[in-house]
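Sequence order for the protein chains is A and B. Counted the way the numbering used here counts, the first sequence spans residues 1 to 484. Counted the way the numbering used here counts, the second sequence spans residues 1001 to 1215. By construction, the Cβ of each residue, glycine as well, lies at the ideal position given by its N, Cα and C atoms. Here the structure comes first, spelled out in structure tokens, and everything after it is commentary.
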Amino acid sequence: MTSKIKSITNPRLSLDILSPEDVQRIHTATLDVIETVGVRFPSTRALDVWEAHGATVDRDTMVVKVPGQVIEDALKQAPPTYTLAARDAAQDLPLDGNHVYVGTDGCGVQVIDIHTGERRRSVLQDVADIARVADSLEEIAFHWVAVSAQDRPPHTRGLHELRAIWENSTKHVQTESVYSEQEAHAAVEMAAAIAGGREALRERPVLSIMQCTAPPLGQDGGSLDAALIGAEAGLPVGFMTMAACLTTGPATRAGNLVVGNAEVISATALIQLAYPGTPVFYAAAQTASDLRTGAYTGGGPEDFLFGAATNVLSDFYDIPLSMGSFATGAKEPNWQAGIEDSLSTFMASIVMSDMLLGVGLLHGSRIWSFEQMLMDCEIFDLVYHMMQGIVVDDDTLALDAIRAVGPGGNFLTQKHTRKHMRDIWLPQFMDRRSYEAWEEKRDGAREWARQKAGHILATHQPEPLDPQLSAELERIIASVQGKA
Amino acid sequence: MGKELFESMAQSVIDGEVEDAERLARQAIEQGVDPLDAINQGFVIGVNHVGAEYAAGEMFLPDLVLAGEAMKAAVAVLEPEMQRRGTKRQMLGTVVIGTVEGDIHDIGKTLVATMLSSSGFQVYDMGVDVPIQTFLDKARETSADVVGLSALLTTTMVKQKGVIEALEEAGLRPQIKVMVGGAPVTRTWAEEIGADGFSEDAIGAVAVAKELVGA
């Protein structure tokens, strides 16, 4: 049995973070940057597309300068809504602006082993285990490749990871871990096998592709090629900027948004020029670098503000957003992780970012923790309940119950209470026990989250892939492996 | 027939339907069913079910309280018939409970009283702002096994100690156990004033009371 998916919908809270004038100024500044400063596109395939569409292309520096009108016209080709398909159609995710979905984070390089508690290098089995736990959790709507399968050869690693997820879950997969032409071709072939052919894949994209930009004002060659190959096959494609105040972006928040926006919309425009009408999404995980060390922080007020502001930009361009949230620099599940994951997720949710990435990673998306994964799901559940706001109607005003109880009584015995009590949020991992009960065991969220993850790993059986399909995926990976 | 009636009784408690519980209790009397059977094979089964569901996380506090109310209502209807037959319900013990003098906080104490009552204790709830002498008189009158003292203020907590001292002076302390509770009350405080039992919540209070009466 497949689990249902919990998403935020019909929100009752809202936030004004950028005025229409602010957005227009950011947009104008962005076009100015793309046209006069340019963005680096180190891919012959990409440069050819730009040249064919009237951009100024410098083949030596690989920097292109594009008239604003070309960018604007190209972006208008992008579909405003579409659906991310899942192996199980009941788990399809309509990106219609009225849903917030959560995925797993990616791509970590270490895992806190659930059995030993020791930190170690991530392997393929971890990808499979994480996918299986994610498959059973209603808070998780789709997958990123959560950790890197470092026991597999680099040039096919991304393919092994994809297969491990599909073998262990029926939910949509968004890979951020395929960034070469060869792997992209194979990934498309694997997705087509799952969907039932190339045309079926176009109709039901069971795979979407997320690529990172190379801030400031640059792209990665392999990523561009992989994205273009995905787009050609009709897969949804997105570019994520991680431009950070102080280092890869200006110190100012607005300036950092301009740099990130220039990277994302230039790459998105490229996709539309090459394959008009391709489903695309905006992606961002902008932050501020640490003032002392320059290190990536993942967290802090700048991070949280970008989390809300970016959806205003993606709404302006009328495309869905895949937003970095649950980002923390904490080394273990702790106070810092709780604050950073909560505030970033709240800010990205209140503006209805379509996809939130993602649960489970610590230390700037490096270390996977099953405990953190489960606790992040609880954070989302909490935000989910907050987004339902306060409903005011005859029933919720509860006048009959108030009259029945009167001064000095209590509401526990009212039918009205029983009818509505399940609307009251009930945590899984927050400690609301008596002091003595705590004192006796001295356990808490981490232990409970670990137990739940352990239980899922021991018991959850995902819907298996058809054995023939499984063999086909293996054949595709082997064919690439042979070319190495 | 009898079985169906008992099942309906249990269900009325599970659903927290006070009127249904009362109606079924009257029906039992009309049909000549022994009130003790009605309680032990009917209503108590419902209370136990709700308790188990609560422990399993499937039911919540309002379910417990509503079940307790339904149970209490049914017993009230059956009481005269038990007296007429000269039978008595076997109780776990008698508890006199109240919030101490100068303190008007009600809900925690009321919850404990409801939980104790539905767990099989004879409970006399003296309400709030209860003078020391009133606790003393009621305990003597009912031959209480346990006196429960609630206080929500650091300024009224001392009255818990006052009741214990008064019980001692009256020579009642050997046969009466004292349990204390309330937000500022800790185990250390309970020990300091010579109380016999302490709990931080209503569910825990039932276990403490049972322990104190050796049930």
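Using beta-carbon distances, R418/A counts as an interface residue toward chain B, with a partner under 8 Å. Along the segment 413-442 of chain A, the positions whose C-beta sits under 7 Å from a C-beta of chain B are T413, T417, R418, M421, S434, Y435 and E436, read in chain order. Residues are counted here when their Cβ sits less than 9 Å from a Cβ of chain A; for the segment 1079-1107 of chain B these are I1104, D1106 and I1107, given in chain order. Along the segment 1009-1021 of chain B, the positions whose C-beta sits under 7 Å from a C-beta of chain A are G1016, read in chain order. In terms of CA proximity to A1021/B, V1077/B leads the group S1118/B, V1077/B and D1103/B. Partner residues in a beta bridge of G298/A, as assigned by DSSP, do not exist.
Within the DSSP bridge table, the entry for S1150/B names T1099/B and G1181/B as partners.
Per DSSP, reduced to three states, the secondary structure at V111/A is strand.
Distances from the CA of R1085/B to each of E1069/B, L1111/B, A1067/B and D1034/B were compared; the closest alpha carbon is that of D1034/B. Sequence-distant partners of P462/A (beyond 5 residues in either direction) whose C-beta falls short of 7 Å from its own C-beta, in its chain, are R132, D135, N168, S169 and T170. Contact annotation: V1206/B and M1115/B have beta-carbon atoms nearer than 8 Å. The beta carbon of R120/A sits closer than 7 Å to the beta carbons of Q110, V111 and D113 from its chain, once the five residues preceding and following it are set aside; these are given in chain order. Closer than 9 Å at the C-beta level to chain A, one finds these residues of the segment 1173-1194 of chain B: T1186 and R1187.
In this structure, the CA atom of W335/A is about 30 Å from the CA atom of T1188/B.
Following the DSSP letters along the chain, one finds I350/A inside the alpha helix (DSSP H) bounded by residues W335 to I350. Taking H460/A as the centre and dropping the five residues before and after it, the same chain places the C-beta of R132, V133, D135 and S136 closer than 8 Å to its C-beta, in chain order.
Listed along chain B, no residue sits closer than 8 Å to G406/A by beta-carbon distance, the nearest being about 13 Å off. As a beta-bridge residue in DSSP terms, L356/A pairs with V102/A and M323/A. Under the Cβ criterion of 8 Å, N410/A is counted among the residues facing chain B. For the segment 49-92 of chain A, the full-length beta strand (DSSP E) segments reaching 3 residues or more read 56-58, 63-65 and 82-84 along the chain. Nearest neighbour of A149/A by Cα position, chosen from R163/A, E51/A, A200/A and A141/A, turns out to be R163/A. Taking the Cβ atoms as the reference, L13/A lies roughly 17 Å from M323/A, outside the contact range of under 8 Å. When secondary structure is reduced to three states using DSSP, M190/A falls in the helix class. Taking a Cβ-Cβ cut-off of 9 Å, the neighbours of E1200/B in chain A comprise R433, S434, Y435, E436 and A437, given in sequence order. The way I'd put it, the segment 281-292 of chain A does touch the segment 303-316 of chain A; three or more beta-carbon pairs between them come closer than 8 Å. CA-CA distance, G117/A to E72/A, rounds to 51 Å. When the beta-carbon positions are compared, L356/A and V123/A stay at least 8 Å from each other. Between T1110/B and chain A, the shortest Cβ-Cβ separation is below 8 Å.
S180/A carries a coil assignment under DSSP once its states are collapsed to helix, strand and coil. Within the model, the alpha-carbon separation for V280/A versus P320/A is close to 7 Å. The segment 250-295 of chain A is shown to contain whole alpha helix (DSSP H) runs of 4 or more residues at 253-274, in chain order.
Two segments are said to touch when three or more pairs of C-beta atoms, one from each, lie closer than 8 Å; by this definition the segment 52-68 of chain A does not touch the segment 244-260 of chain A. Close partners of V1077/B in chain A (Cβ separation under 9 Å) are lacking, with about 18 Å as the shortest Cβ gap. In summary, N10/A is exposed, with fewer than 16 beta-carbon neighbours lying within 10 Å of its beta-carbon over all protein chains present.
Ranking S7/A, I8/A, D16/A and I26/A by CA distance to the CA of Y317/A puts I26/A first.
Taking a Cβ-Cβ threshold of 8 Å, the residues of chain A close to E1069/B are T413, in chain order.
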